[in-house]
Structure formats: C-alpha cells, structure tokens
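> Here you go, one structure.
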Ligand code: SAH
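Residue numbers (this note's numbering): 174 to 399.
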C-alpha cells in the first residue's frame, strides 16, 4: 500500500487528530527547543493534522509555515484547521522536497521521518533546502533502542526504517549536516496504571510501560546546515 492509500484512510478516520493528541506530549518540547525567530520560514515534514506549524506561528511568531504530507486527505484536513494565510499545507513526498536551495530556516518532523522511501535522499534534500545555520529537528518514537516499538511495522503497510540513535547521527553527517544534539524526551502524560492492573491489553508489565514512555520516550536528533 502507498503512503497515500495508508494515510488517507487514517485521515478519513480522524486519526490525524488522535495522533496530534498523543504526539503533543513530547512534540511540544521539541518545538519549544527550536531556535525559530520571528519571521522565519519553517517546514513540517509529514505534518498530519498540521499542529506543529500552527504552534510555531502562535508561540514563536514564525513567518511562513509549510506542512508537507504525502496524504492529500491529511493535507486537506490540516488546511481546514486554520484560516491563517501564512500557513500552507502541501501534498508531496519526502524524496523530492518542492523548495528552492537554501530557502527554509528550520525544518521539523514528528513521528514521520522513518516512512521515507529513501531516508538518506530525504536528508540530502533537507540539507539542500536549509539555509546555512538552519536546523532540522527530527523526532521519532520508532527507533532501534525503543524495543517496545519494534512490532509497529506489523500493523502498517508502508515500509519503515528503524535506525539507532547512532545511525541517525551518522546519516545526518553523511548528508552534510552537523549534529548539534541528540536526546530522549520522556512522555510524562500517557497514564500508566497501577501494578495490579497489569498485564493490560497492550502491556505485559508496568516496568515495560514505564521504560517505553518515561525513559525512552521520543528520540530527538538535531541537525544543523553548515
Ligand atoms: N507529524 C504528525 C503526523 C505523524 S504520522 C503528528 O505528529 O501527528 C506520519 C505522517 O507522515 C502521515 O500524515 C503520512 O501521510 C506522512 N508521510 C509518511 N510518509 C511520507 C512520505 N514519504 N512523504 C510525505 N509524507 C509522508
């Protein structure tokens, strides 16, 4: 199944807003760390409901905000959640970013990068369109060290790339980006039941659930364009 087929179905089922709600637990810290200044042009890759771009407009006074998504239904929903003319949602693929060289100040992607058909090519595209000194904030919950995420591929038809933290850093460098930082951002909001309630439908033990959310959380890798 293509990105479009898989995620158009999600959007039609209202899962764009469901993801926004869950991802916000850690995405808000990612966005807060971005060095976006008033008037900057920002791009959100795999924008889903498009909340990240709208938040950067609201909190940091970003200038022009773009959200790109491979699913037309996601992009359409995202556009419907705002009437801000400086926020645009586009349909496109991570393989070919429809922007000029050195044209974007900062790029963010939350829980989407690993769906890239060729993640190395996507990183080269990111490097191409970022201004010198521009940053790429790449946040993922699906990664090698997070053993609790390993079976996610079983329920998604789009091929996913499962890199380790080190593979993220190496791949950023291969594409010509400096690595400014890498960090795990814990999710402190997903509710974890008392020990007596385990096993639950999703979790064998309370320890596993604590590890997944409070310790591993979201892996953030930050690249800087030279
Ligand atoms: N960032 C949002 C959505 C995450 S879901 C959030 O935090 O909730 C991943 C999104 O990436 C989906 O909307 C999907 O359509 C998009 N996507 C996946 N592969 C893509 C690709 N190759 N090109 C563009 N968008 C893609």
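Using N, Cα and C, we set each Cβ at its ideal position, and we do this for glycine too.
If you're wondering where the values come from, they're calculated on a predicted model, not measured in any experiment.
Output needed for residue 397: all residues of its chain with C-beta closer than 6 Å, excluding positions within five of it in sequence on either side, in chain order.
Cβ within range, chain order: 308, 351, 353.
> How many angstroms separate the CA atom of residue 391 from the CA atom of residue 197?
So the alpha carbons of these two residues sit roughly 11 Å apart.
> Alpha helix (DSSP H) containing residue 371: first to last residue?
Looking at the DSSP string, residue 371 is not in any alpha helix (DSSP H), and its letter there is neither H nor E.
> Would you tell me roughly how many angstroms separate the C-alpha atoms of residue 252 and residue 340, rounded to the nearest one?
Approximately 34 Å between the Cα atoms of the pair.
> Hey, which unbroken runs of the beta strand (DSSP E) at 3 residues or more fall wholly within the stretch 343-369?
Counting whole runs of 3 or more residues, the stretch 343-369 contains the beta strand (DSSP E) stretches 351-358.
> Below 7 Å CB to CB, which residues in the same chain sit around residue 318 once its five sequence neighbours on both sides are set aside?
Contacts found: 337, 338, 389.
> Which value, in whole angstroms, describes the spacing of the CA atoms of residue 376 and residue 311?
Each residue's Cα considered, the two are about 27 Å apart.
> Does the distance between the C-beta of residue 260 and the nearest non-hydrogen atom of the ligand SAH fall short of 7 Å?
False, no ligand heavy atom lies under 7 Å from that Cβ.
> Considering only C-alpha positions, which residue in the set 356, 263, 395 is nearest to residue 220?
Ranking the options by Cα distance to residue 220, first place goes to 263.
> Would you say residue 215 touches the ligand SAH, meaning its beta carbon is less than 7 Å from a heavy atom?
False, no ligand heavy atom lies under 7 Å from that Cβ.
> Please state whether DSSP places residue 189 in a helix, a strand or coil.
Looking at residue 189 - three-state DSSP - the assignment turns out to be helix.
> Near residue 329, which residues of its chain fall below 8 Å by C-beta distance, leaving aside the five closest residues on each side in sequence?
Excluding residues within five positions, the ones whose Cβ falls inside 8 Å are 179.
> Might you give, ordered along the chain, the residues of its own chain that have their beta carbon closer than 8 Å to the beta carbon of residue 265, omitting 5 neighbours on each side?
Once the five neighbours on either side are set aside, the close Cβ partners of residue 265 are 241, 242, 243, 271.
> Apart from the five residues just before and just after residue 200, which ones in its own chain have a Cβ nearer than 6 Å to its Cβ?
Once the five neighbours on either side are set aside, the close Cβ partners of residue 200 are 283.
> Taking 6 Å as the limit between beta carbons, can you name the residues of its chain near residue 379, skipping five residues before and five after?
So the list reads 368, 371, once near-sequence residues are dropped.
> Once you ignore the five residues that flank residue 356 on each side, which residues in its own chain have a CB closer than 7 Å to its CB?
Excluding residues within five positions, the ones whose Cβ falls inside 7 Å are 393.
> Taking residue 326 as part of the alpha helix (DSSP H), name the residues at either end of that continuous run.
That residue, residue 326, is in no alpha helix (DSSP H); it is neither H nor E in DSSP.
> Kindly examine the ligand SAH and report whether one of its heavy atoms sits closer than 7 Å to the Cβ of residue 176.
For the ligand SAH, at least one heavy atom lies less than 7 Å from the Cβ of residue 176.
> Does residue 393 come out as helix, strand or coil in the three-state DSSP assignment?
Strand, per DSSP.
> In or out: residue 184 buried (at least 16 other Cβ within 10 Å) or exposed?
Flag for residue 184 reads buried.
> Looking at the unbroken alpha helix (DSSP H) that takes in residue 382, where does it start and where does it end?
From DSSP, the alpha helix (DSSP H) with residue 382 extends over 379-383.
> Can residue 222 be considered in contact with the ligand SAH, in the sense that its beta carbon sits closer than 7 Å to one or more heavy atoms?
Indeed, a heavy atom of the ligand SAH lies less than 7 Å from the Cβ.
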